[in-house]
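Everything below concerns the one structure shown next.
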Amino acid sequence: MECSDFMQQLRSFKPQSLGCAVARRKSSTTLIFPLPPQACSDEFCQEFPHNLIPTPGYWIECSRQQITSDTIWDESESDRDITDPEQEQQELLERASINRQRQDFCLFEENELDDDDVPRKKTVIEEQWEKNQGFELTSVEQETYEKYFYGSEHWNYFTNDEDLGPVILSMKQETINGRDQFRILVRAISYTVHGLIPASCVFADRYNREEVVKSLGKEVNINPPMTLGQLPDTPEELLKLDQVFIKSELKVGVIYVREGQYSEEEILDNNDSSPLFEEFLQILGDKVRLKGFDKYKGGLDTVHDLTGLYSVYTNWRGIEIMFHVSTLLPYEKHDPQKLQRKRHIGNDIVCVVFLEADNTSFSPACIKSHFLHTFILVRVSPRIKRKVTRYEVSVVTRDEVGAYKPYLWEQSIFEKGPMFREWMLTKIVNGERASYSAPKFARMQERTRSQMLEDIVANLANHAETGQIPKPYRRGSWRPIGHMRPSSPLLDSVRDQFEDYDQLAKDFTRVFLNNAANIELNANLFDVAFLVPGQQKQKVRFIGVRAILGVRSRVFQEMLYGIQTGFGSPQVPVAELLARPVPTLLSPQKPKSSNFLQVPDIESPRYVDKQLFRIHHPTKIIILDSTHERQH
């Protein structure tokens, strides 16, 4: 970046940072996001809408549009020199030729022999694959410090600005093309800026570091002035701050869509796959047995088989990816919403949609989720038989997420092979990283970043004043994006000190959906009920599904599935539990304690259909079956 450009960016650092903080406090529905040049429109593209249903709040990435160098802006080329007009015109003609040839390379091409006889120029993607055997991953700003500063001589300055809060400036001297440069990285809670400044552009003695930092502080409008941080472990702490937001573990949804399926219920009801879908899953990763799996599990159960027997996993470029495949997740026949599947796929950020159909389009709004931000649609025609399967890719993304590489206009139709696998995984990871800039996830990052920056600056300030070495930085309760889960009010009531009966009834009301219409509609689905003392100690009845409650938390696993004598006892696997004789009701001679789970008398000869438990609140549990109720 040129001197004047980066200096202008430094001068606008403070208002930009304050603006980002204000924007992230607003709802996404009140913000306006400009469409990127890659967005498709029926005005320019004959292939619109690319096997997708146009949906408000989403933009479709174009694969057939004639995108010129005047239309598209590539972040990786923003610092390059402008090419001469003749060379630019030549590239434009070549790109147009490639687009025309790509029109012939289509999914429904019937005459394969004629196509093989016609020489076809390689696409940009094919050239990149031959040259690099891979595609570019989107770099994130959190990698800047490790790439340019960590491990080399540099200085870290800090202050607690009256408007921005904690601010850290990292500076390093470099010589590029025989010119002295200062590499600058400025961090605040909501905004980061990085670039090079020629020493000649700094209004200070270039050989006096303090004067240089003082001059830069005035450009940024920082008050009070910055102080040199002299703690020896500051570089490691700044690196840890960045690594919190660089995820090496991802969970990605995969759903299977057949001809004529448009709704969430129809799609998640698919319990059987097809040979084409199984072939595609082999491209994404390896099918693994979940029980005993010791690598990244992506929220799936690897002990009791509560989330299915198998899943698809891969370790790619040091990134572990667990795919939540809809047909491999538990199937509840009597649950029309398929909550066991929805709760995993709905909490992912990226979802791969495998569309095995000729005349069906996909709508991103059919999967109702606050987390899903980008859908990568892979379409294959079941009626065309080829030696090598051909896939057509479409992408639809929420408005608040920008475009990400590799772009579809470079190539959108692929044959099965290593290149397609590499392209697909690159697109998935870049889609996840691009989604982090969406306000929902940016707010999550900002809370963690604020806490950690405050810790670092506070310890630096304390050391500057007293010379004391601080205790290890606290890390708070940060959880990776996509793993955030609100605290359950029921579990809080179990975990904390018991308050009163009314509060307990309110907690159960918030956890369970117990209106009359729902009970009547899903009567066959529920298999456990709770009798909770309500107002004036009148008992209120709440019903639920044991399988869902057991997966939700360990408290319910122990309560509804485990055979144990108290808290902390070894938990019995569900498979072993089901293999045992059906336990009896509680023996009346046993004393009842309000501090431990009451367990069935396994030795008694009298049997019941289900287990019976009790928590330390005065709450009765009824196990329901098809013929009768039993309670305690």
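Yeah, the sequence shown ends on 632 if you go by UniProt numbering, and it's all consecutive. Backbone N, C-alpha and C define an ideal beta-carbon position, used for all residues, glycine too.
Residue i burial status per 10 Å Cβ neighbour count (16 or more: buried)
i      : result
GLN309 : One detail in the question is off: residue 309 reads as Leu in this sequence, not Gln. LEU309 should be labelled exposed.
HIS344 : buried
ASP242 : buried
HIS370 : exposed
ARG187 : buried
THR397 : buried
PHE203 : exposed
THR234 : buried
GLU410 : buried
ASP161 : buried
GLU219 : buried
GLU259 : exposed
LYS440 : buried
ASP272 : exposed
HIS616 : Any reading at HIS616 must be qualified, since the residue scores a pLDDT of 39, below 50, and its modelled position is unreliable; the value itself is stated next. The residue is exposed, with fewer than 16 neighbouring Cβ atoms inside 10 Å.
ARG183 : buried
Contact set for residue i: own chain, Cβ-Cβ below 8 Å, skip 5 residues either direction
i      : result
VAL395 : ILE60, GLU61, THR374, PHE375, ILE376, LEU377, LEU408, LYS427, GLY431
GLU141 : THR192, HIS194
PHE135 : ILE125, GLN128, TRP129, LYS405, PRO406, GLU422, TRP423, THR426
GLN340 : THR307, LEU329, PRO330, TYR331, GLU332, ALA547, ILE548, VAL551
GLN181 : GLN173, GLU174, THR175, LEU196, ILE197, PRO198, ALA199
Neighbourhood of residue i by C-beta, 6 Å cutoff - its chain only, sequence neighbours within 5 removed
i      : result
ILE543 : PHE526, ALA529
PRO588 : Low local confidence applies: a pLDDT of 42 at PRO588 is under 50, so the model's placement there is unreliable, with the coordinate-based value given in what follows. None.
GLN261 : ILE267
GLU249 : TYR296, GLU320
C-beta contact flag for residue i and residue j at 9 Å
i           : j      : result
LEU196      : PHE13  : no
ILE189      : LEU238 : no
LYS247      : MET322 : no
THR389      : GLU279 : yes
TRP316      : TRP129 : no
residue 683 : GLU264 : Residue 683 is absent from the model: the chain starts at 1 and stops at 632.
SER152      : LYS122 : no
PHE362      : VAL352 : no
TYR256      : VAL325 : yes
TYR157      : LEU228 : yes
LEU18       : ASP163 : yes
SER545      : ASP269 : A small fix is needed here, since residue 545 is Val in this sequence, not Ser. No; because the gap between Cβ atoms is not below 9 Å, this pair is not in contact.
Residue-level contact to chain C via CB, residue i, 9 Å cutoff
i      : result
GLY134 : Annotation note: the requested chain C is absent from the structure, which comprises a single protein chain.
7 Å CB neighbourhood of residue i in its chain, flanking five on each side removed
i      : result
LEU328 : GLY308, TYR310, SER311
LEU231 : ASN459, LEU460, HIS463
PRO382 : LEU276, GLU356
THR314 : LEU284, GLY285, ASP286, ILE321
PHE149 : SER170, LYS172, LEU185
PHE293 : THR302
Spatially closest choice to residue i from the options, by CA coordinates
i      : options                        : result
ASP358 : VAL350, HIS370, LEU339, VAL380 : VAL380
HIS194 : LEU10, GLY417, ARG421, ILE456  : LEU10
ASN221 : THR159, ASP294, LYS333         : THR159
VAL350 : ASN270, SER273, ARG433, LYS338 : ARG433
PRO406 : TYR58, MET444, ILE125          : ILE125
THR144 : LYS131, ASN132, SER170, TYR436 : SER170
ILE267 : CYS366, GLU146, VAL457, SER139 : CYS366
ARG179 : LEU164, ALA199, GLY165, PRO166 : ALA199
LEU137 : GLU446, ALA438, VAL429         : VAL429
PHE245 : ARG447, PRO364, GLU465         : ARG447
ARG289 : ASP305, GLY299, GLY298, SER274 : ASP305
ALA438 : GLN16, CYS20, PRO15            : CYS20
THR55  : GLN445, GLY299, PRO364, PHE414 : PRO364
GLN451 : PRO336, GLY57, LYS240, LYS131  : LYS240
VAL457 : GLY165, ARG120, PHE420         : GLY165
SER63  : GLN468, GLU392, VAL401, MET444 : GLU392
Where residue i sits in the DSSP three-state scheme
i      : result
THR438 : As written in the sequence, residue 438 is Ala, which differs from the Thr given in the question. Three-state result, ALA438: coil.
TYR313 : strand
TYR148 : helix
PRO340 : One point to set straight first is that residue 340 is Gln, not Pro, in the sequence displayed. Three-state result, GLN340: helix.
MET322 : strand
GLY154 : The residue you asked about is not Gly; residue 154 is His in the sequence shown. Coil.
LYS368 : coil
LEU290 : coil
LYS172 : strand
SER274 : coil
THR159 : strand
THR426 : helix
CYS201 : helix
ARG449 : helix
SER17  : helix
ASP242 : helix
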